[in-house]
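Its first residue numbered 105, the sequence shown is counted upward by one per residue in the working numbering.
Where a beta carbon is used, it is the ideal one built from N, C-alpha and C, also for glycine.
The structure under discussion appears below in the form of structure tokens.
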Amino acid sequence: MTQMTDAEIRARVDNLLAQMSAEEKAGQLTQYFTFSRAPDEVARVEDEVRAGRAGSLLFVSKAEEIDRLQRIAVEQSRLGIPLLFGYDVIHGLRTILPVPLAVAASWDPAVAEEGQAVAAAEARAIGLHWTFAPMVDITRDPRWGRMIEGAGEDPVLGSAMAAAQVRGFQGAFIGAPGRVIAGPKHFAGYGAAFGGRDYDEAEISDNELWNIYLPPFKAALDAGAGNVMSAYMGLNGVPATGNRWLLTDVLRETWGFEGFVVTDAGAAADLATHHYAADLGDAAVRALDAGVDMEMAPPFGEAAYRTLPQALAAGRITAAQLDTAVRRVLDAKLRMGLFEAPYVDLGAAAAMLAAPAHRAVARRAAERSAVLLHNAGGLLPLSRDTGSIAVIGPLADSARDTVGPWVFEQDDNETVTVLAGIRAAAGPATRVDYTPGVTMPARLHKSIFEDDVHAQTQRLVVDDDIEIANSVRLARAAEVAVLVLGEAHIMIGEHASRSSLDLPGRQQELLEAVLATGTPVVLLIMTGRPVDLKGAEPAAKMMIWYPGTRGGEAVANLLFGAAVPGGKLPYNWPRNIGQVPLPYAQLRSFRPDWAQERYWNEGNAPLYPFGYGLSYTTFSYAAPRLSADRIAPGKTLEVTVDVTNTGPVTGDEVVQLYIHQRYGSAARPVRELKGFQRVTLAPGETRAVRFPLGPGELSYWSAARRDRVQDETCIDVGVGGDSTAPFMTSFEVAG
Ligand code: NOJ
């Protein structure tokens, strides 16, 4: 398929616009949910499609169904405009990759890019054109379940992951073969929800907005993202979906975004819920005025944009406003080649979903995402000839949990659980015993998401007391116990915040009972946030996240040393929930000498710092060298550091560069990540790793100037393997 020129696209859009009624235009701006298990809904949506009152559908995820609905749009609607199919392809469609937070923990943007290219290929093959991803919300409160969808707490790591995911999803241009449109979300600030409560309000200072929450969006747009999704919550009291400053002044006028904006589900109609718009009609006018092009209609409620024709007739919106939004949506459809090739090749779709190469990408991503937190006495890696291993825990053999939340099209039968992975990889003489140990608790309030799609698949434990005793028996009889504990996938993600970081249910008790046997314990933590183990100390601890389709295989490779852990934490890991928020990049304030004593009963430091993670080898750092000790604002210098693998095996280190600005037009954090590179080093090998420091790294948004500035100042520089790297050198920025 040849790419259309901008002029050709414009001419096609003009031609269509000239033929469209106001109702058809509003239709192009309306996206409906289509849940195939609700037949009445499907019939209603079909009628809307036929009548030209729907421009896009979401949640249709079967190739045959997409093709069928597309044929209705193309062959039975008056103008035959094809539908744009969008879906939440967050970490894979059939081949499930580790959750996005895990991929961020790889600190390897290539993993994110390659993984999302796989997701895009599968999505495009079944007829999808657009994914509601990447989620680029910065999260500093692990109570928020949606933390799992993002890249953690840091804007530099977050920006790198945002851009890489966009490149993976979209390829070199919108409409590239086998790719889909990427829609960074939720614009902007959703991650700051009060108390980590999902959908709650947020209060964000300009400093935080510009320096922390917005940069990943900017990075995603610079990488070419064709869509943006507006958030539910508000900024300064104005809901994001009705916020003209955000959606027009910043997004379009300051950043030059030319794609289309969609609301989050029901967020236009929701403007009335916020007590911002008077009613549904007012909500539609305010959303369009603010800069929303397409409404993602509420799943079971009234669409607001249906009222746009009346608003036009009443003079509340102009024809030009309506046309501008429609133009953007048609532009996307044309670029995606929908008019030329609207239908799905069902045979090719099936083959794409089965591609073995995709599974290899998922396994490798899981291996590169794991973070080794503790490894007393070098317990890991285990020998394949270990005589007996007791595998214990409700998540050890749960296929559904292994792939994590936000997946719908996975094949649980092909998912490799940790137990299955260990069984396959252990030597022939190794005995592997298993018990789930305890049951996962039920949710306090029933969730709308707890339907067949979100069902739990852990093996049911009839009696926890009996099974804990059984776990103890198995652990006693084994050379090593591998515990897989954490959170079931329904305990995290959307609409799944938790008010505590404790292991749910009786898992803590199970852990302590097994530890008391004296058998060495490897704890594998399956979740997407820090957990509070209340001081329990297994010999080895590894964060395996929700590792995806080939998770168990990857974990077994890590356990037995066929892969070496090299991931690092994308967030500060608090000691307990009372410390939250606890960003590593905090501002210094009164009595820093008391900084470790801010609480009467607790230290200030995290349990593990941002950027932390161990390997089966060790690394040493030489003092960083600067190419200059003074630069003028706007100029760039280079930091070079020699990193050496001082241990016994080849391994990866994530070399991290931190700076601290000593003074300026605003106070800056005690340290900020400004560069990172994951390198593989053989034993004894030394690599010189280089980082630029120039205006991109040294400027920031200053409230004193209400603009981006680069101060004349002194900058401290530290390089190391986590965010406790000491500052060892400094330079002046002076004109
Ligand atoms: C609501 C979520 O906030 C958003 O992230 C998602 O893309 C839509 N629902 C569609 O599922």
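Rounded to the nearest angstrom, the Cβ distance from F780 to Q760 is 5 angstroms, consistent with a contact under 8 angstroms.
In this structure, the alpha-carbon of V222 lies about 33 angstroms from that of Y762. Judged by their CB atoms, V354 and D397 are not nearer to each other than the 8 angstroms cut-off. Distances taken from the Cβ of E598 to the heavy atoms of the ligand NOJ include one shorter than 7 angstroms. The count of Cβ pairs closer than 8 angstroms, one atom from the segment 529-547 and one from the segment 571-586, reaches three, so the stretches are in contact.
Taking C-beta atoms as the reference points, P204 and A286 fail to come closer than 8 angstroms. Short of 6 angstroms from the beta carbon of Q180, and not among the five residues preceding or following it, lie these beta carbons of its own chain, in chain order: R154.
A distance criterion of 7 angstroms places the beta-carbon of A369 in contact range of the ligand NOJ, judged by its closest non-hydrogen atom. The Cβ-Cβ distance between G652 and G196 falls below 8 angstroms. Counting only runs of 3+ residues, the beta strand (DSSP E) found wholly inside the segment 718-770 occupies 723-725, 741-749 and 755-765, in chain order. For A276 and A699, the gap between their C-alpha atoms comes out near 47 angstroms.
Excluding the 5 residues flanking it on each side, P485 has same chain C-beta neighbours closer than 7 angstroms at L663, F664, G665 and Y720, in chain order.
Taking C-alpha positions only, E399 is separated from L120 by approximately 20 angstroms. Residue range A167 to Q180 is occupied by the alpha helix (DSSP H) that includes Q180. Rounded to whole angstroms, V149 and D435 show a C-alpha spacing of 23 angstroms.
With a threshold of 7 angstroms, the Cβ atom of F404 does not count as near the ligand NOJ, since no heavy atom of the ligand is closer than that.
Cβ-Cβ distances below 7 angstroms link M456 to A225, E226 and A229 in the same chain, with the five nearest sequence neighbours on each side left out; the list follows chain order. Looking at the DSSP output, H478 bridges to K645.
The residues D192, I194, H195, E253 and G597, in chain order, have a CB closer than 7 angstroms to that of W510 in the same chain once the five nearest residues on each side in sequence are set aside. Taken in chain order, the unbroken stretches of alpha helix (DSSP H) that lie wholly in the segment 629-692 and span 4 residues or more are 655-663.
In this structure, R250 sits away from D304, with a CB-CB distance that is not shorter than 8 angstroms.
Assigned with DSSP and collapsed to three states, P799 falls in helix. Between the C-alpha atoms of P710 and V668 there is a straight-line separation of about 25 angstroms. DSSP places T358 within a helical segment (H, G or I) once states are collapsed to three. Proximity of the beta carbon of F273 to the ligand NOJ is not indicated: no heavy atom of the ligand is located closer than 7 angstroms.
Counting the other CB atoms within 10 Å of its CB gives A585 a total of 16 or more, which places it among the buried residues. With a cutoff of 7 angstroms, H233 does not count as near the ligand NOJ, since its C-beta is closer than that to no heavy atom of the ligand. The alpha-carbon of G531 is positioned some 18 angstroms away from that of T521. Ranked by how close their Cα comes to the Cα of I681, the residues D245, G279, A770 and L802 have D245 in first place. Under the 10 Å beta carbon count, G671 is surrounded by 16 or more other beta carbons and is classified as buried. With a cut-off of 8 angstroms on Cβ pairs, the segment 338-346 is in contact with the segment 377-397, counting three or more such pairs. With a threshold of 7 angstroms, the Cβ atom of D353 does not count as near the ligand NOJ, since no heavy atom of the ligand is closer than that. Taken through DSSP and simplified to helix, strand or coil, S604 comes out as coil. With three or more CB-CB distances shorter than 8 angstroms, the segment 674-692 counts as touching the segment 765-779.
By the C-beta criterion, the segment 314-327 is judged to be in contact with the segment 263-271, since at least 3 inter-stretch pairs fall below 8 angstroms.
T109 carries a coil assignment under DSSP once its states are collapsed to helix, strand and coil.
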